[in-house]
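In UniProt numbering, the protein residues as written are 1 to 966. All C-beta atoms in this analysis are idealised placements derived from N, C-alpha and C, irrespective of residue type, glycine included. Input: a single structure, listed below in structure tokens.
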């Protein structure tokens with residue numbers, strides 16, 4: 001531990017009380033000494049705003065309290081900040097009144113909130129016009145008025161807001177033209193004005209907007225021409241103008257929009273040809289349907305990113321071009337109700353390989369298509385519609401009756417369901433099972449979120465479900481399993497509405513700060529945009545059950561101004577005195593002799609001499625690792641980094657170096673020395689020594705040249721293990737843990753068994769490592785009764801944690817059995833314990849119960865006897881049983897692994913032994929093999945070695961084995 005770390009620890013121990021008092025008084029000094037109340041002009045503005053609103057749910061009741069202050073008294077929806085201009089007032093920074101069933105109108109006094117950054121009235125019933133005074137709020141970044149009943153024109157004044165990032169007025173009744181002043185909004189990225197009655201010409205001056213990425217004005221009354229100047233917009237990603245009334249053609253210059261991802265001009269009265277859009281490198285969605293476009297379809301190939309092409313209901317002629325073939329992400333191609341002739345190119349579907357979630361809809365109805373080129377035979381996930389074409393008059397001869405029948409245009413979106421094992425016990429009211437929790441059947445209270453993708457770049461969601469979950473959880477800084485998609489529904493637009501459950505991280509409920517953080521990310525639009533998912537909107541953020549009283553704004557102080565004034569003089573005096581005392585304390589602590597403290601800690605915690613364990617100096621460790629050169633680093637974990645070292649006597653070792661100042665590392669350091677100094681077994685990693693000086697903590701182990709089991713299962717640089725090798729590793733791991741449970745004195749519960757803690761030596765012998773979290777098994781009490789568990793704080797790794805231990809905090813030997821069972825499942829499937837929100841125990845259980853177990857077995861292990869696989873899977877799932885008592889003991893696990901080994905063909909066991917007999921060069925870390933068949937003496941050593949490791953007669957007889965220490 002460094003000297004600076006010691007000073008910090010000493011300061012906490014010696015001055016905790018003084019600092020606590022200081023921290024208690026400092027907020028009071030901030031509020032009272034600085035006289036920090038809300039700016040009076042903003043207080044009166046808020047009260048005026050309230051008088052214009054109807055609040056049937058009484059959300060704004062505090063706004064009416066006499067003498068109440070908006071910022072200090074925590075008015076609903078009001079978030080404040082301390083002005084950096086030192087004008088002694090607090091200022092309103094956000095007005096968040098989302099979905100509160102408010103009606104009435106917007107007050108002109110909104111313009112007096114001159115520090116406002118977010119103005120949010122979304123999803124209420126507010127009518128009247130948008131006050132022009134909003135144009136006075138030069139600090140405004142988000143103007144969010146969508147989902148109301150607003151009428152009248154857009155104020156010109158909004159076009160002069162220098163910091164506006166987003167304007168959302170969609171789903172209102174706004175009328176009048178789009179102001180030319182909006183061309184001044186140099187920082188605005190998002191124009192969301194769809195579903196209104198905005199009319200007139202789109203101002204071509206808007207091409208000057210340097211930041212515009214989303215331009216959504218669909219479902220309005222726009223007319224005139226499409227400005228060709230829009231091709232000069234440098235950042236535009238989405239241009240969505242469906243259901244307007246334009247004149248003329250689609251400008252050919254739109255083919256030069258280099259950043260464009262989506263072009264949607266459906267039902268816009270457009271004429272002329274389809275422009276060549278092949279030069280747009282990432283175009284993913286094109287909808288030009290329900291216009292009067294004519295001529296032929298351009299033959300140049302579109303972007304490989306395209307998912308949707310809809311040219312239906314136009315006057316197009318000519319052939320279906322071959323450029324629609326070879327589009328790897330295409331989900332929907334709609335060309336129905338045109339005058340296309342010639343052949344339907346079967347290469348459109350024959351060149352596609354679709355997985356289980358992908359589908360392809362090809363709608364060619366009501367054209368003049370006369371034949372199909374190539375063979376039909378579409379994959380199961382391809383839907384072809386040809387009704388109303390001449391080719392269907394010979395449907396019987398071509399065997400295409402099915403695709404020439406009457407079919408409903410459109411595609412149903414499948415319900416999203418989560419595969420899960422049914423839980424025997426239901427959750428309390430307002431709590432639900434976390435579908436993908438690392439702990440099966442875990443109950444938690446979710447946050448319920450209404451969410452909508454306003455302009456997604458696809459036609460079918462299912463292929464993008466996993467990608468969406470990763471996008472949203474990473475944006476919210478949550479683990480993948482914390483998100484559950486409850487339902488989805490396509491709406492007009494098309495838009496995709498979702499209901500989401502967000503679950504706390506390995507806890508029953510979210511704390512208030514986490515709720516505020518998550519909500520502010522949604523309402524502040526701080527979740528990064530996604531190209532494929534487009535812009536989103538928050539529909540609701542429901543707080544029910546244990547969250548119904550959560551305060552989403554600043555916490556209330558709970559102290560009146562009078563009470564604060566009464567203690568102010570004492571607080572000032574105390575603050576000055578405490579400041580001096582803390583300064584003196586820090587100075588004295590820094591003068592302590594660090595080396596004396598280090599020696600005292602070493603003598604009090606670590607015995608001077610430990611049999612078989614050597615104490616190394618820091619210089620010896622530095623010399624062994626070339627001063628901890630990065631080239632010698634072989635791993636890294638939560639404790640610290642691991643280096644490969646060569647001691648002065650030539651011994652190759654692994655050196656685990658703790659992170660400086662890690663208190664948790666200090667505890668693990670002592671635990672591991674204590675335990676490993678007295679346990680010895682061929683399947684447990686050996687402790688060579690330790691170093692505890694110069695503020696450093698290091699543990700020195702025997703070196704494992706074949707790395708971790710995790711490396712061999714998941715790293716592509718390692719040769720895949722055969723089934724026989726995997727079975728041997730499972731058996732070795734089980735024997736090491738069995739020794740801890742039954743032969744160590746006193747017995748030990750490991751508590752952190754996982755594939756990265758199972759190491760492989762030069763002969764691929766499995767050795768269990770990392771005892772930093774281990775606990776001694778319970779000892780008999782005064783009456784001689786042996787408790788069945790140790791009560792302890794839950795520690796371990798998600799995915800490997802025993803669910804009963806997680807819920808009850810009762811650690812038993814069966815907790816290790818569960819974790820090892822997860823390792824067995826990793827060996828069998830090559831799957832991670834948790835991946836894309838899916839839990840390995842649940843996934844294998846589903847496959848096992850459905851009779852599809854071989855569909856999840858790792859194909860990299862090569863051939864294997866199916867009966868052995870079935871027994872190994874059965875054993876692994878028994879180990880992972882939800883109930884502790886239903887799991888086998890570790891002795892029974894070892895016994896069953898032995899039975900499975902005896903079922904193996906002799907050729908496989910010999911091959912495994914041969915693999916294990918490879919000697920690894922410690923310096924190169926790679927096996928150097930001499931085939932055993934090259935000498936008779938090599939072959940003589942194969943079976944006895946395997947027999948000694950796996951085939952003890954005491955195991956076959958059913959007696960608990962007597963494992964001989966190393």
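Give me, in chain order, the residues of the same chain whose beta-carbon lies closer than 7 Å to that of residue i; leave out the 5 immediate sequence neighbours on both sides.
| i | result |
| --- | --- |
| residue 149 | 125, 126, 127, 172 and 173 |
| residue 879 | 817, 818, 820, 821, 824, 887, 888 and 893 |
| residue 212 | 188, 189, 191, 233, 235 and 236 |
| residue 491 | 497 |
Excluding the 5 residues preceding and the 5 following residue i in the sequence, name in chain order all residues of the same chain whose CB lies nearer than 8 Å to its CB.
| i | result |
| --- | --- |
| residue 339 | 315, 316, 317, 367 and 368 |
| residue 289 | 266, 267, 310, 311, 312, 313, 314 and 334 |
| residue 224 | 200, 201, 202, 246 and 247 |
| residue 68 | 62 and 75 |
| residue 580 | Any reading at residue 580 must be qualified, since the residue scores a pLDDT of 43, below 50, and its modelled position is unreliable; no value is offered. |
| residue 542 | 447, 448, 449 and 450 |
CB-CB under 6 Å to residue i, same chain, minus the five flanking residues each way: which ones, in chain order?
| i | result |
| --- | --- |
| residue 254 | 231 and 275 |
| residue 161 | 140 |
| residue 447 | 502 |
| residue 474 | none |
| residue 363 | 334, 336 and 385 |
List the residues that DSSP assigns as beta-bridge partners of residue i.
| i | result |
| --- | --- |
| residue 340 | 318 |
| residue 760 | 766 |
| residue 533 | Answer is none; residue 533 lacks a bridge partner. |
| residue 385 | 363 |
| residue 498 | 451 and 488 |
| residue 689 | 614 and 700 |
| residue 886 | None, per the DSSP bridge assignment. |
| residue 171 | BP columns for residue 171 are empty, so no partner. |
| residue 368 | 341 |
| residue 296 | 317 |
| residue 89 | 37 |
| residue 839 | 834 |
| residue 177 | 199 |
Report buried or exposed for residue i, applying the criterion of at least 16 other Cβ atoms within 10 angstroms of its Cβ.
| i | result |
| --- | --- |
| residue 401 | exposed |
| residue 6 | Residue placement at residue 6 is flagged as unreliable, the pLDDT there being 38, under the threshold of 50; a coordinate-derived value is accordingly withheld. |
| residue 851 | exposed |
| residue 621 | buried |
| residue 91 | buried |
| residue 697 | buried |
| residue 210 | exposed |
| residue 709 | buried |
| residue 396 | exposed |
| residue 672 | buried |
| residue 436 | buried |
| residue 57 | exposed |
| residue 616 | buried |
| residue 284 | buried |
| residue 649 | exposed |
| residue 937 | Any answer about residue 937 is weak, because its pLDDT of 29 lies below 50 and its placement is not dependable; what the coordinates show is given next. With fewer than 16 Cβ atoms within 10 Å of its Cβ, residue 937 is classed as exposed. |
| residue 884 | buried |
| residue 903 | exposed |
- Task: Tell me, please, whether the stretch 443-456 touches the stretch 480-499 by the rule of three or more beta-carbon pairs shorter than 8 Å.
- Result: yes
- State whether the stretch 338-355 contacts the stretch 368-382, with contact taken as three or more CB pairs (one from each stretch) at a distance under 8 Å. yes
- Query: Hey, is the stretch 350-358 in contact with the stretch 295-304, meaning 3+ C-beta pairs nearer than 8 Å?
  - Reply: no
- Query: Taking one C-beta from the stretch 678-695 and one from the stretch 737-751 each time, how about it: are there three or more such pairs within less than 8 Å?
  - Reply: yes
- Contiguous alpha helix (DSSP H) assignments of at least 4 residues, all confined to the stretch 427-484: 465-476
- Count the C-beta pairs between the stretch 512-528 and the stretch 542-550 that are closer than 8 Å, then say yes if the count reaches three, no if not. yes
- Query: Can you list the beta strand (DSSP E) stretches of 3 or more residues lying completely in the stretch 625-659, in chain order?
  - Reply: 633-636, 640-646 and 652-658
- Does the count of Cβ pairs from the stretch 702-711 and the stretch 858-870 closer than 8 Å reach three? no
- Message: Closer than 8 Å is the cut-off here; do at least three beta carbon pairs connect the stretch 716-732 with the stretch 862-879?
- Response: yes
- Message: Runs of 4 residues minimum, wholly inside the stretch 39-113: which ones carry the alpha helix (DSSP H) assignment?
- Response: 40-51
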